[in-house]
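These notes concern the structure reproduced below.
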């Protein structure tokens with residue numbers, strides 16, 4: 001009995017010390033994980049075989065841990081790093097590290113392959129800029145674009161990224177051997193939308209091309225009305241359209257009118273009634289509209305200018321103004337004088353702000369005011385640069401062509417030809433030779449028939465070589481050409497008459513109205529003459545007639561100033 005209730009002083013061999021067992025397990029786990037971590041740091045994984053990873057170690061395998069190692073809890077607590085901080089139960093490889101290893105492996109593979117030369121090295125520095133493709137934020141290099149003439153023929157031109165519309169026009173004038181009179185323009189044309197506008201001289205062609213849709217194209221043609229406002233500013237805007245003219249009873253000098261439009265600190269205002277097409281509908285409303293530097297507004301209450309009655313129609317900063325060529329057909333416009341405000345991006349038809357005026361003068365005034373408010377003094381600088389004859393950045397166009405520069409005036413009246421050094425003598429010789437064909441008598445060839453150089457035959461066909469003659473075009477086509485090239489006073493062309501096969505028609509623009517004058521042939525002393533005033537003033541050919549009315553108004557409302565010409569690229 002005493003044996004059962006006595007306190008044992010020492011454990012028997014069969015008893016288990018739980019505290020020592022826990023300490024032994026902790027010590028074993030610590031040693032195991034420290035060994036694994038050291039092995040992982042000094043080992044290199046090899047390929048897997050049968051799902052097992054073979055590890056090559058550079059050090060000797062550590063001795064096995066003893067089964068019972070007594071470590072007190074106090075020693076564990078005073079260790080520098082706890083097992084939970086040092087032990088990592090899983091160590092996954094980062095995704096970035098895996099990707100970096102894959103890239104290095106790919107580089108090793110590609111570096112081992114032989115280099116393949118570029119089969120098209122000429123295309124590496126000249127990317128093709130198709131319509132609608134966006135260039136980088138800061139375009140560089142060269143781009144290839146297509147330019148079309150009015151006859152539909154195209155020309156591929158390679159231009160630098162910083163080339164402006166003026167520079168490109170100068171380049172096309174030089175390559176097409178045209179007369180450089182600072183009236184050529186680059187036109188942004190959208191045939192499906194029926195829109196077109198002339199690019200400003202300072203605009204970058206590459207940036208404009210990037211904002212165009214796939215059906216858009218560039219046209220190269222004349223535009224005499226581009227800077228007409230600066231030539232005659234006082235009579236350009238009607239007095240009822242300009243706000244300050246009404247407040248000052250119209251007493252505005254031309255210089256002050258220009259300053260008010262070009263000065264960004266001034267606040268001019270163009271006002272008047274416009275037909276406005278409702279967005280997404282075919283109906284039009286007649287509204288009182290105000291054009292300011294901040295945008296285009298309309299009044300919800302009559303002609304009130306109070307801010308609470310004004311609503312924004314369009315913004316000027318990120319938009320451009322276009323002429324609508326198919327207004328009545330495509331948009332059911334109330335008149336033929338339609339224009340629209342289009343954002344500087346690829347837009348659909350429903351996103352366009354369609355406007356319409358009562359006459360051509362009002363449409364021209366609204367569109368010009370839009371350009372003046374948007375560009376300001378830059379537009380005036382574009383107008384002044386050709387007059388100051390500044391050398392352009394990319395090239396300089398010679399006044400005469402290369403073939404003309406290689407010619408000299410010669411005199412073959414003597415036995416030996418001589419070069420005419422005196423400019424006055426050379427000019428008089430050229431005039432005499434140019435008029436000599438009119439005084440020559442009838443030539444006969446060997447068979448006795450009239451020569452092809454017969455004066456009567458030559459007088460009837462010599463005008464066909466002139467740029468202002470357009471042959472058998474219709475009345476509507478002549479109107480379209482005059483409209484496209486500016487509708488300024490003195491813009492003219494000659495064409496064959498549709499009603500009289502032997503007659504011709506002079507088409508002339510005056511006060512933005514197109515008039516037609518018939519040129520009739522008349523015979524006197526067996527010779528054919530041409531007259532515009534029923535025989536009062538007669539000319540041997542149409543060239544003489546045009547030259548006369550370029551110097552004298554005669555029976556016409558104004559002199560002939562600007563020939564309506566087409567160019568073949």
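Residue numbers (the UniProt record's numbering): 1 to 569.
Note that CB positions come from ideal geometry on N, CA and C, so glycine has one too.
Starting from the Cα of residue i, find the closest Cα among the options and give me that residue.
i: residue 540; options: 552, 172 and 527; result: 527
i: residue 376; options: 311, 301 and 292; result: 292
i: residue 355; options: 529, 142 and 325; result: 325
i: residue 207; options: 283, 338 and 344; result: 344
i: residue 479; options: 336, 531 and 409; result: 336
i: residue 307; options: 290, 503 and 314; result: 290
i: residue 295; options: 281, 373 and 154; result: 373
i: residue 192; options: 214, 277, 411 and 520; result: 214
i: residue 165; options: 338, 507, 417 and 182; result: 182
i: residue 476; options: 503, 515 and 488; result: 515
i: residue 158; options: 152, 150 and 168; result: 168
i: residue 488; options: 154, 226, 172 and 359; result: 226
i: residue 378; options: 200, 163 and 187; result: 200
i: residue 508; options: 368, 163, 523 and 485; result: 485
i: residue 338; options: 300, 276, 380 and 320; result: 276
When DSSP builds the beta bridges, which residues end up paired with residue i?
i: residue 320; result: 342
i: residue 147; result: 155 and 218
i: residue 277; result: 284
i: residue 410; result: 419
i: residue 271; result: 290
i: residue 309; result: Partner(s): none; residue 309 has no beta bridge.
i: residue 491; result: 562
i: residue 314; result: 296
i: residue 142; result: 160
i: residue 196; result: 189 and 323
i: residue 507; result: 493 and 516
i: residue 204; result: 164
i: residue 539; result: 530
i: residue 469; result: 494
i: residue 242; result: 270
Could you compute how far the alpha carbon of residue i sits from the alpha carbon of residue j?
i: residue 552; j: residue 424; result: 25 Å
i: residue 185; j: residue 328; result: 26 Å
i: residue 391; j: residue 220; result: Any answer about residue 391 is weak, because its pLDDT of 47 lies below 50 and its placement is not dependable; what the coordinates show is given next. Between residue 391 and residue 220, the C-alpha separation is close to 22 Å.
i: residue 331; j: residue 195; result: 12 Å
i: residue 287; j: residue 257; result: 26 Å
i: residue 569; j: residue 494; result: 22 Å
i: residue 364; j: residue 238; result: 11 Å
i: residue 566; j: residue 180; result: 14 Å
i: residue 384; j: residue 203; result: 16 Å
i: residue 140; j: residue 189; result: 25 Å
i: residue 531; j: residue 544; result: 11 Å
i: residue 453; j: residue 462; result: Confidence in residue 453 is poor, its pLDDT being 46 and thus under 50, which makes the residue's placement unreliable; the coordinate value appears in the next sentence. Going from the Cα of residue 453 to the Cα of residue 462 covers about 11 Å.
i: residue 428; j: residue 542; result: 22 Å
i: residue 472; j: residue 151; result: 15 Å
i: residue 261; j: residue 270; result: 11 Å
i: residue 573; j: residue 370; result: Residue 573 lies beyond the range of the chain shown here (1 to 569); nothing can be said about it.
i: residue 125; j: residue 142; result: Below a pLDDT of 50, predicted positions are generally treated as unreliable, and residue 125, at 48, falls in that range; the measurement from the model is reported next regardless. Distance between the alpha carbons of residue 125 and residue 142: 7 Å.
i: residue 198; j: residue 418; result: 49 Å
i: residue 266; j: residue 242; result: 13 Å
i: residue 297; j: residue 466; result: 48 Å
i: residue 212; j: residue 205; result: 11 Å
i: residue 529; j: residue 468; result: 20 Å
i: residue 512; j: residue 283; result: 28 Å
i: residue 88; j: residue 318; result: Interpretation of residue 88 is limited by its pLDDT of 49, a score under 50 that renders its predicted location unreliable; no figure is taken from the coordinates.
i: residue 414; j: residue 431; result: 19 Å
How far does the beta strand (DSSP E) with residue i in it reach, from first residue to last?
i: residue 184; result: 184 to 190
i: residue 518; result: 513 to 524
i: residue 298; result: 295 to 299
i: residue 351; result: Where residue 351 is concerned, there is no enclosing beta strand (DSSP E), given that its DSSP letter is neither H nor E.
i: residue 555; result: Note, residue 555: premise wrong, no beta strand (DSSP E); not H, not E.
i: residue 229; result: It is not in any beta strand (DSSP E) - residue 229 instead sits in the alpha helix (DSSP H) that spans 228 to 231.
i: residue 527; result: 527 to 531
Following a CB-centred definition, is residue i positioned closer than 7 Å to any heavy atom of the ligand FAD?
i: residue 367; result: By its list of ligands, the structure shown contains no ligand whatsoever, and the ligand FAD lies outside what it can speak to.
Taking residue i as part of the alpha helix (DSSP H), name the residues at either end of that continuous run.
i: residue 172; result: 165 to 176
i: residue 372; result: 360 to 375
i: residue 480; result: 475 to 484
Would you mind giving the Cβ-Cβ distance between residue i and residue j, rounded to the nearest angstrom? I have them listed as a contact below 8 Å.
i: residue 342; j: residue 349; result: The Cβ separation is near 10 Å, so there is no contact.
i: residue 492; j: residue 563; result: 7 Å
i: residue 555; j: residue 525; result: Not a contact, Cβ separation roughly 24 Å.
i: residue 490; j: residue 559; result: 6 Å
i: residue 380; j: residue 230; result: 7 Å
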